[in-house]
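With my numbering as the guide, the letters of the sequence shown map in order to residues 70 to 149. Think of the CB as a built atom: it goes at the ideal place given N, C-alpha and C, for glycine as much as any other residue.
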Amino acid sequence: MRTLKKYLNAFSANIAKGMLENEGIRAEVIHQNIPYMGISDKLAVELIVNDEDYERAKKLLEQAEQDMMRLSDDADVASE
Numbered sequence: 070m071r072t073l074k075k076y077l078n079a080f081s082a083n084i085a086k087g088m089l090e091n092e093g094i095r096a097e098v099i100h101q102n103i104p105y106m107g108i109s110d111k112l113a114v115e116l117i118v119n120d121e122d123y124e125r126a127k128k129l130l131e132q133a134e135q136d137m138m139r140l141s142d143d144a145d146v147a148s149e
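Printed below as a string of structure tokens:
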């Protein structure tokens, strides 16, 4: 298993996990029950995937994040 991305909260990590699982990629969220004590790599919630799924998962996650930014930008323009 390999860390795909680190998050500051379990909610965001679990959203990404669900998206990957909908695409047939097994993912796990680890360290989600550690109490928040500040921003630290050691305490970050991690989203992990199998090594063989890493590249595909990375591309899917990057595309999803770009789509979310585009939707946010579109909403900003529509509200002006």
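According to DSSP, is R71 helix, strand or coil?
The count along the sequence shown starts at 1 and reaches residue 71 at position 2. R71 carries a strand assignment under DSSP once its states are collapsed to helix, strand and coil.
Where the beta strand (DSSP E) containing A113 begins and where it ends
Taking the sequence shown and counting its residues from 1, one reaches residue 113 at position 44. Taken as a continuous stretch (DSSP letters only), A113 belongs to no beta strand (DSSP E), as it is neither H nor E.
Any idea if D120 is buried or exposed, counting beta-carbon neighbours within 10 angstroms, 16 or more meaning buried?
What you label residue 120 is simply residue 51 of the sequence shown in a count that begins at 1. D120 counts as exposed, since fewer than 16 other C-beta atoms from the protein chains shown sit within 10 angstroms of its C-beta.
Take the Cβ of D136 as the centre, count every other Cβ of all protein chains shown within 10 Å, and call the residue buried at 16 or more, exposed below.
In the sequence shown, the residue the question calls residue 136 occupies position 67. The residue in question, D136, is exposed, as its Cβ has fewer than 16 Cβ neighbours within 10 Å.
Assigned exposure category for K75 - 16 Cβ within 10 Å defines buried
To locate residue 75, count along the sequence shown from 1; it is residue 6. K75 should be labelled exposed.
Grouping DSSP H, G and I as helix and E and B as strand, with all else coil, what is E90?
Along the sequence shown, one-based indexing puts residue 90 at 21. Secondary structure at E90: helix, using DSSP grouped into helix, strand and coil.
Whole-angstrom distance between L130 and L140, CA atom to CA atom
Looking up residue 140 in the sequence shown gives position 71. Looking up residue 130 in the sequence shown gives position 61. Straight-line Cα distance between these residues: approximately 15 Å.
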